[in-house]
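Engineer: Can you keep this structure in mind? I'll have questions shortly.
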Ligand code: IPE
Ligand code: IPE
Ligand code: MG
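In the working numbering, the protein residues as written are 4 to 251.
In C-alpha cells form, the structure reads like this:
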C-alpha cells in the first residue's frame with residue numbers, strides 16, 4: 004500500500020490507545036442525530052483495527068465509553084450500548100479470521116446484561132488468538148481504576164500479606180485493569196479537544212500524545228497512518244538528553 008511507505012516497520016508502537024472523540028459534533032454539523040455519528044464511528048473502528056493489525060501493532064486500546072459517559076441522556080447511552088453489542092456480534096468472525104484477541108478494561112459489571120453476555124462470549128472465543136489485542140475501555144475511568152488498585156493493595160497490607168516497602172510502581176501497575184498489557188506508546192485523541200478525560204492516567208505517563216481536529220467518524224486508515232508517522236518522528240527521551248540517546 005502506497006501510504007504505508009511513510010511508515011518504518013522497525014518503529015511500530017507496541018501499544019496505541021485512542022480517545023475516539025467527535026462523533027456527536029460531526030453528526031450535528033450534518034444536521035443528523037448524535038447517534039448517527041456513533042454509527043459511522045463504528046466504520047472508523049473497523050478500519051483502524053484492520054490497519055493496526057496489518058502494521059503489527061500489538062495492542063490497540065479504544066476508549067469507547069467512559070465512567071462519566073453514564074451521565075449522558077438515556078437514549079444516547081442505550082444507543083451506544085446497542086451499537087457495542089451489534090459491533091461485537093458482527094465482528095466475531097473477522098476477529099477469529101484475523102486472530103484478534105478481545106479484552107476490556109473498566110467497570111464492565113455496569114454494562115447491561117445482554118451486552119455483558121456478548122462481550123464475555125467474544126472474549127472467551129478469541130482468548131487464544133495471537134494477533135492484535137483489541138482492548139476496549141468500557142465504563143472506564145482512570146481515577147476509579149486507581150481507587151480500585153489502592154483498595155486492593157491496602158487490603159493486602161491489612162491482611163499482612165504485603166509490607167509497605169513492597170509497594171512500588173510495578174506493584175501498582177499490576178493492580179490496574181491493564182496489568183497484563185504494555186504501557187501505551189502513542190495516545191491519539193480525535194475531535195479537537197486537548198485533554199485526557201480520565202483516560203489511562205497512570206499508564207500514559209510517557210506516551211507520545213497526538214491530538215487531531217479530525218472527528219472520529221472521519222478518522223480512517225490514512226489518518227491513523229499519519230499519526231503513526233508523526234509518532235515515528237518524535238524523540239522519546241524519558242528524561243534523558245538527546246546526546247545520551249545518540250550514544251545509546
Ligand atoms: C465520542 O464522541 C464517543 C463517546 C464519548 C462515546 P462524542 O459522543 O463525545 O462526540 P462529541 O465530542 O460530542 O462530538
Ligand atoms: C471521552 O470523550 C470518552 C470517550 C471517547 C469514550 P468525552 O466526549 O466523553 O470527553 P469530554 O466529556 O469531552 O471530556
Ligand atoms: Mg466528546
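Built from N, CA and C at the ideal position, the CB exists for glycine as well.
(1) Buried or exposed: which applies to residue 66, given that a residue is buried once 16 or more other Cβ atoms fall within 10 Å of its Cβ?
(2) Specify the secondary structure class of residue 20 as computed by DSSP and reduced to three states.
(3) Cutting at 7 Å between CB atoms, please list the residues of its own chain near residue 223, excluding the five before and the five after it.
(4) For a quick check, are the C-beta atoms of residue 132 and residue 104 less than 9 Å apart?
(5) Cβ atoms of residue 30 and residue 258: under 9 Å apart, would you say?
(6) Helix or strand or just coil, what does DSSP make of residue 74?
(7) What residue range is occupied by the uninterrupted alpha helix (DSSP H) comprising residue 177?
(8) Using a Cβ-based criterion (distance less than 8 Å to any ligand heavy atom), does residue 82 qualify as near ligand 3?
(9) Have a look at residue 108 and residue 140 and give me their C-alpha separation to the nearest angstrom.
(10) Can you tell me which of 135, 195, 10 puts its alpha carbon nearest to the alpha carbon of residue 221?
(11) Consult DSSP for residue 64 and reduce its assignment to one of helix, strand or coil.
(12) The alpha helix (DSSP H) that contains residue 189, what's its start and end?
(13) For residue 22, verify whether its CB is less than 8 Å away from any heavy atom of ligand 2.
(14) CB-CB under 8 Å to residue 5, same chain, minus the five flanking residues each way: which ones, in chain order?
(15) Mind reading off the beta-carbon distance from residue 64 to residue 138? Whole number of angstroms is fine, and I expect it under 8 Å.
(16) DSSP on residue 125, reduced to helix/strand/coil?
(17) Just list the residues that DSSP pairs residue 211 with in beta bridges.
(18) Are the Cβ atoms of residue 12 and residue 188 separated by less than 9 Å?
(19) My parser needs the beta strand (DSSP E) runs of 3 or more residues fully inside the region 116-168; what are they?
(20) For residue 190, which residues from the same chain have a beta carbon less than 6 Å from its beta carbon, with the 5 sequence-adjacent residues on both sides left out?
(21) Count the C-beta pairs between the region 116-133 and the region 83-95 that are closer than 8 Å, then say yes if the count reaches three, no if not.
(22) Select from 24, 52, 87 the residue whose C-alpha is nearest the C-alpha of residue 215.
(23) Which two residues bound the contiguous beta strand (DSSP E) that contains residue 108?
Structural biologist: On the basis of the coordinates in this document:
(1) By one-based count along the chain shown, residue 66 stands at place 63. By the beta-carbon neighbour count (other beta carbons within 10 angstroms, threshold 16), residue 66 is buried.
(2) Along the chain shown, one-based indexing puts residue 20 at 17. Reduced to three states, the DSSP call for residue 20 is strand.
(3) On the chain shown, position 220 is the one that residue 223 refers to. For residue 223, where only same-chain residues beyond five positions count, the Cβ hits under 7 Å are 47, 50.
(4) On the chain shown, residue 132 is found 129 positions in, with the first residue counted as 1. On the chain shown, residue 104 is found 101 positions in, with the first residue counted as 1. Yes.
(5) The structure shown has nothing for residue 258, since the chain only spans 4 to 251.
(6) Working through the chain shown from its first residue, we reach residue 74 at position 71. Residue 74 carries a helical assignment under DSSP once its states are collapsed to helix, strand and coil.
(7) The sequence position of residue 177 within the chain shown is 174, counting from 1. Start and end: 172-177.
(8) Here the question's residue 82 lines up with position 79 in the chain shown. Residue 82 has its Cβ no nearer than 8 Å to any heavy atom of ligand 3.
(9) Counting from 1 along the chain shown, the entry for residue 108 is found at position 105. Counting from 1 along the chain shown, the entry for residue 140 is found at position 137. If you take the alpha carbons of residue 108 and residue 140, they lie about 5 Å apart.
(10) The count along the chain shown starts at 1 and reaches residue 221 at position 218. If we check each option's Cα against that of residue 221, 195 comes out closest.
(11) Within the chain shown, numbered from 1, the residue matching residue 64 stands at position 61. The answer is strand: DSSP assigns residue 64 an E or B state.
(12) Indexing the chain shown from 1 puts residue 189 at position 186. Residue 189 -> not in any alpha helix (DSSP H); beta strand (DSSP E) instead, spanning 189-192.
(13) As a working note, residue 22 is residue 19 in the chain shown. Yes, the Cβ of residue 22 comes within 8 Å of a heavy atom of ligand 2.
(14) As a position in the chain shown, residue 5 is number 2, starting the count at 1. At residue 5 the pLDDT is 43, less than 50, meaning the model places this residue with poor confidence; the figure from the coordinates comes in the next sentence. Non-local C-beta neighbours of residue 5 in its own chain, meaning closer than 8 Å and more than five positions away in sequence, are absent.
(15) Residue numbering aside, residue 64 sits at position 61 when the chain shown is read from its first letter. Residue numbering aside, residue 138 sits at position 135 when the chain shown is read from its first letter. Indeed, because the Cβ distance is near 4 Å, the residues count as touching under 8 Å.
(16) Taking the first residue of the chain shown as position 1, residue 125 is located at position 122. In this structure, DSSP gives residue 125 a helical state, which the three-state scheme calls helix.
(17) Numbered from 1 along the chain shown, position 208 holds the residue referred to as residue 211. For residue 211, which the question treats as bridged, DSSP gives the partners 189.
(18) Within the chain shown, residue 12 is the residue found at index 9, counting from 1. Within the chain shown, residue 188 is the residue found at index 185, counting from 1. In this structure, residue 12 sits away from residue 188, with a CB-CB distance that is not shorter than 9 Å.
(19) If we require 3 residues or more, the beta strand (DSSP E) runs fully inside the region 116-168 come out as 136-143.
(20) Mapped onto the chain shown, residue 190 falls at position 187. 20, 207, 210, 212.
(21) Under the 8 Å Cβ criterion, the region 116-133 counts as touching the region 83-95, having at least three qualifying pairs.
(22) Residue numbering aside, residue 215 sits at position 212 when the chain shown is read from its first letter. Scanning 24, 52, 87 for the CA closest to the CA of residue 215 turns up 24.
(23) The residue labelled residue 108 in the question sits at position 105 within the chain shown. 104-108 is the span of the beta strand (DSSP E), which, as asked, contains residue 108.
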